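There are 4 protein chains.
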Amino acid sequence: MPITIDASFAFEVDSPTDALLQFEAVASDGQTILASKTHLNGAETFNRVPAHDAIGERIWLHANRRIEVTYSAEIEISREFANLEKLSALALHQLPGEAVQYLLESRYCAAEKFHDFADREFAGTMGGARVSAIRDWIEQHLTYAPGASGPYTDAGDTFIARQGVCRDYAHVLITLARASGIPARYVACYSPGVSPPDFHAVAEVFLADPEHEEGGKWHLVDGTGMASPRDIVKIGVGRDAADVSFLTSFGPSSFEYSSVRVEETA
Amino acid sequence: MPITIDASFAFEVDSPTDALLQFEAVASDGQTILASKTHLNGAETFNRVPAHDAIGERIWLHANRRIEVTYSAEIEISREFANLEKLSALALHQLPGEAVQYLLESRYCAAEKFHDFADREFAGTMGGARVSAIRDWIEQHLTYAPGASGPYTDAGDTFIARQGVCRDYAHVLITLARASGIPARYVACYSPGVSPPDFHAVAEVFLADPEHEEGGKWHLVDGTGMASPRDIVKIGVGRDAADVSFLTSFGPSSFEYSSVRVEETA
Amino acid sequence: MPITIDASFAFEVDSPTDALLQFEAVASDGQTILASKTHLNGAETFNRVPAHDAIGERIWLHANRRIEVTYSAEIEISREFANLEKLSALALHQLPGEAVQYLLESRYCAAEKFHDFADREFAGTMGGARVSAIRDWIEQHLTYAPGASGPYTDAGDTFIARQGVCRDYAHVLITLARASGIPARYVACYSPGVSPPDFHAVAEVFLADPEHEEGGKWHLVDGTGMASPRDIVKIGVGRDAADVSFLTSFGPSSFEYSSVRVEETA
Amino acid sequence: MPITIDASFAFEVDSPTDALLQFEAVASDGQTILASKTHLNGAETFNRVPAHDAIGERIWLHANRRIEVTYSAEIEISREFANLEKLSALALHQLPGEAVQYLLESRYCAAEKFHDFADREFAGTMGGARVSAIRDWIEQHLTYAPGASGPYTDAGDTFIARQGVCRDYAHVLITLARASGIPARYVACYSPGVSPPDFHAVAEVFLADPEHEEGGKWHLVDGTGMASPRDIVKIGVGRDAADVSFLTSFGPSSFEYSSVRVEETA
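Here it is as structure tokens:
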């Protein structure tokens, strides 16, 4: 069953400003783009560049007035996914170089200070069972509360305040996974189950690949429980929210609106 | 004139622990390894993996007792370098995808809040002249003070406290460059002018490549003034110090010593 | 010339909640209350208690629905004030016990890390001349920007971001005074020159009393320059904004509005 | 059974420096000073001033060389103490003015963000039973780990890292009590059960006074479990550790040593 996406957003600048956009579905990683249409109304010039870890693309814009972005796409999800509980972790010293950045501290996910908490709270679990225990802990201890957090809220703040939105849920999950020795990254995405409909964020953890002995693979996990690997349309990945945003303006701009509609096509 | 490096360090673990090491000179980026020797005494198993941005290598170790690392190398530096003052910046919307991560916020270099300061303090400068003005500001406003900062000190802390070591100098330089719209990254290195001799850290900024019209290139800058592009031996790069450390232990370990000797060979 | 104040604000609670209010002019410290009227509409019970350092009063409320507070007053200011530039500081070891809390670190004014900056930036000045130099620095380096800061912004954040509102200006002034060995506190107040009209905040520094040899005294200073000691009507004092707020709700509440009008009566 | 205290510490300054000391037992609050002797070797001048909330005294020193402080005392403890579990809390709107500062946020105990955690983790408990539940939670979740925290560690950091020393235990207890609507303060003290012997820190919470209907009273609680109200000799109180330190130097100084011996006299 394909997934249909209709998204748009607009912002305005008073003086010439560069902006970085990232809102299109990735054409790999278990998803196929059946159709897609992107309009950038008002942009003078733009350049497409590979996004973080060369997964998806970012668009550089030069703007000097109102910019409206509209995007529609039809996506087929075909990713394999395994029973998280059963997946084993790779020994740290067997991790490939590309996974290491997702084990280290990042802007919103400073994991080192959480080692003791993770070791104690999730004692007896490893690999996928550890990630599953972390997801359960998040479900039991965090409250979904729009407005309770802001753009500078980090995983530590959310761990204390016990509330936040998808971004914060993903940050806590990533942080506790890293504190458990499991590489974890941030995934900006679309998903039909998100309520109210909006850009969404989940996590990806690097665990064993059930298909290939000794190999590792990224597995999607949604801390909020609203999306599942079967209906997540990836936009991009990063070490945390600092790396994947649908709009980053490098100069004063006023944000006007965003609208997201995602549906599973019958 | 080749540069000779003799470095060693040791640490001990009580129970089996994985550790990530990064201390060898990079075999590219304007430096040639004439000779080198690495010993890892006490390690059971180890794996080499590409380091951040595939520049240099990290070594994964599995240790269950005392580990002593010794490294000696002879390196020839042949990098071109330009007059920083004269280099122009690339327009943001012309930056290649690979440079973008170095423009965004990272663990120790959260640049967004510094926009106003950078705009005002360095008004009238752009590109290389801006970076040069930042370096001058650092020289005038920071005091080199071993012990004044710690492993969790970030650029904001150093900007307030006005003191720190090479790591902190690099973080402030990187942060103010990013706040000026210039991609900047952290470079762990060896250099003969560092006093007292130790692992060193500098910054690299992405500015125009004087050799290729419309292209960009990384240029070395040392906030402390102790090293120059001519005598910097790169070990690795990262978004900040969170990404490049000569030793990261993923479990309890006791650090014993480190010793670094770097000389320009006559 | 008396000052006339008309202030009101309202908030609503769904379930029984206690709240702490502080909005009435202090009846001492160089100001005389010629007339005043306070209405607390909707409060079930309330208790008046002395506020911080026994300057002014706080009102404890028990609320279980919409509360609307209206306050009007006519105040005569008669405080003596000296030429700030000429005031000397007391030696630290001569400070009275009551002043010490205003020298120590507080929630939003952690001064220790600013010692080096203060020593260097304001070298050669002491006492009132130091405070005056701090006020000038603030005038030159901060931009008044409603919306740029929030309830958890501290002096360090503002020092970095270089923008904020009266609360943030007061925090930076207090912090730099403390870092200079001068006790400083936060003063919530009304003043006719505040634009747009609102609750205001300034600082008070403890320096020599020109009238009494060897004695000390609190002197008002407004970092924003909008108010002067002659037209500041004190509501209360504290170590920083954590201690003086017109409304602190100890439970969920929705804030409805606040309105402040302050005029010098002809 | 009286308690005997022998404490000493020394520090050195190169240039004339003022310092604030607080190390003597309070002569009230349920403790009687049977005998005491204070020596300040090396101090040029000193002044005694009342300490925070006029409980105990601080000593202002002017020093220009090595200072050695020795203090010995014999103290009788006679404080009444109640069964914590049975004490009720006062309604917030019945709290006296003096208790309010201990309900508000302070440097190391920013309690607001902990409301949700406290409400959920300790649901169903109030007053003394809530404080007792907080103390039990601390006992189960924190590890006493000298060296794991530093002078700038706050309650949030400790809540995340799950380790610390007496200072950190007290900060977490105070923070969770405030987040529960119970005024709480920091108490620097001596106690014979502290191991290894050192200056100690506990908390005090403001709850009902079992002797006086409708009145409130401060009750001692030790998060570490090493001391009990029967053998705590108070030195002073404050909103947190920022307010009570045996030595605060207002200028460069080098700390030499401290030694504390506390015994219950047979």
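Residue numbers (my numbering), protein chains in the order written: chain A, 1 to 266; chain B, 267 to 532; chain C, 533 to 798; chain D, 799 to 1064. Even for Gly, the Cβ is constructed at its ideal location relative to N, Cα and C. Here the structure is a predicted model, which means the values were calculated and not measured.
Chain D contact residues for residue i, given Cβ-Cβ distances below 7 Å
i                 : result
GLY629 of chain C : VAL847, PRO848, ALA849, ARG856
PHE782 of chain C : LEU890, GLY979
LEU593 of chain C : HIS891
Span of the beta strand (DSSP E) around residue i
i                  : result
GLY267 of chain A  : Because residue 267 of chain A is not part of the residues shown, which for chain A are 1 to 266, the question remains open.
ALA735 of chain C  : 732-740
SER1047 of chain D : 1045-1048
ALA551 of chain C  : 549-553
Opening and closing residue of the alpha helix (DSSP H) in which residue i lies
i                  : result
SER664 of chain C  : 659-673
HIS647 of chain C  : 647-653
ILE3 of chain A    : Segment 3-12 is the beta strand (DSSP E) holding ILE3 of chain A; no alpha helix (DSSP H) there.
PHE159 of chain A  : 155-161
LEU173 of chain A  : 166-179
VAL1019 of chain D : It is not in any alpha helix (DSSP H) - VAL1019 of chain D instead sits in the beta strand (DSSP E) that spans 1014-1019.
ALA99 of chain A   : 97-100
Which residues DSSP lists as bridging residue i, in chain order
i                  : result
GLY236 of chain A  : A:ALA188
ASN845 of chain D  : D:TRP858
TYR374 of chain B  : Bridge partners of TYR374 of chain B: none, in fact.
ASN881 of chain D  : Bridge partners of ASN881 of chain D: none, in fact.
PHE255 of chain A  : A:PHE11
TYR71 of chain A   : A:ALA7, A:THR38
ALA564 of chain C  : Just to set this straight, residue 564 of chain C is Thr in the shown sequence, not Ala. Partner(s): C:GLU608.
GLU477 of chain B  : In DSSP, GLU477 of chain B forms no bridge with anything.
GLU1062 of chain D : D:ILE801
ARG66 of chain A   : A:GLU12
Close Cβ partners of residue i (< 8 Å) along its chain, the five nearest in sequence each way excluded
i                 : result
GLY393 of chain B : LEU353, SER354, ALA355, ILE448, LEU473, ALA474
ASN579 of chain C : ILE591, TRP592
ALA291 of chain B : ILE271, GLN297, ILE299, SER302, GLY322, ALA339, ILE341, TYR456, VAL499, LYS500, ILE501
PHE81 of chain A  : HIS219, LEU220, PRO229, ARG230
GLU278 of chain B : ARG331, ARG332, ILE333, SER519, SER520, GLU522
MET1 of chain A   : GLU264, THR265, ALA266
TYR725 of chain C : As written in the sequence, residue 725 of chain C is Gly, which differs from the Tyr given in the question. Closer than 8 Å at Cβ, skipping near neighbours: MET758, ALA759, SER760, ASP763.
Nonlocal neighbours in the same chain, by C-beta distance under 7 Å from residue i, ignoring five residues either side
i                 : result
GLU371 of chain B : ALA377, GLU378
TYR257 of chain A : PHE9, ALA10
GLU919 of chain D : TRP935
TYR967 of chain D : ILE936, LEU940, GLY1021, THR1022
ALA51 of chain A  : GLN22, GLU57, ARG58, GLY236
9 Å Cβ cut-off: residues of chain A touching residue i
i                 : result
SER519 of chain B : Here the premise fails: no neighbours, minimum Cβ distance about 13 Å.
PHE312 of chain B : HIS93
Own chain residues within Cβ distance below 6 Å of residue i, not counting five before or after
i                 : result
TYR988 of chain D : ILE803, VAL1031, VAL1060
GLU310 of chain B : HIS328
Within chain A, the residues that residue i reaches when beta carbons sit closer than 8 Å
i                 : result
THR941 of chain D : ASP116
Chain-ordered chain D contacts of residue i [CB-CB under 8 Å]
i                 : result
ARG162 of chain A : ASP914, PHE915, ARG918
ASP741 of chain C : None at all; the shortest Cβ gap to chain D is about 17 Å.
LYS113 of chain A : ASP955, ILE958, ALA959
8 Å contact criterion, which residue i and residue j should meet: CB distance rounded
i                  : j                  : result
LEU674 of chain C  : GLY696 of chain C  : 7 Å
ALA825 of chain D  : SER1057 of chain D : In fact, because the Cβ distance is near 23 Å, the residues do not count as touching under 8 Å.
VAL471 of chain B  : ASP488 of chain B  : About 12 Å; that fails the 8 Å criterion.
THR268 of chain A  : PHE250 of chain A  : Here chain A has residues from 1 to 266 only, and residue 268 of chain A is not among them.
ASP1038 of chain D : TYR950 of chain D  : Wrong, their Cβ atoms sit about 12 Å apart, outside the cutoff.
Proximal residues of chain C, C-beta to C-beta of residue i below 9 Å
i                 : result
ARG863 of chain D : Per Cβ cutoff of 9 Å: no residues; ARG863 of chain D is ~15 Å from chain C at best.
Cross-chain neighbours of residue i in chain B, by beta carbon under 8 Å
i                 : result
GLY682 of chain C : The contacting residues do not exist; GLY682 of chain C stays about 13 Å from chain B at best.
Chain E within 8 Å of residue i, Cβ atoms only
i                 : result
SER826 of chain D : Absent from the structure is chain E; the protein chains it does hold are A, B, C and D.
Amino acids of chain B, ordered along the chain, whose beta-carbon sits closer than 7 Å to that of residue i
i                 : result
ALA110 of chain A : ARG373
PHE691 of chain C : ILE426
LEU176 of chain A : None at all; the shortest Cβ gap to chain B is about 15 Å.
Chain C residues whose Cβ lies nearer than 7 Å to that of residue i
i                 : result
GLY393 of chain B : Within 7 Å Cβ-Cβ: nothing; GLY393 of chain B doesn't reach chain C, min ~23 Å.
VAL985 of chain D : Under the 7 Å cutoff, chain C gives no residues; its nearest Cβ is about 16 Å from VAL985 of chain D.
Partner residues on chain B for residue i, Cβ-Cβ distance less than 9 Å
i                 : result
ALA242 of chain A : LEU370, GLU371, SER372, ALA376
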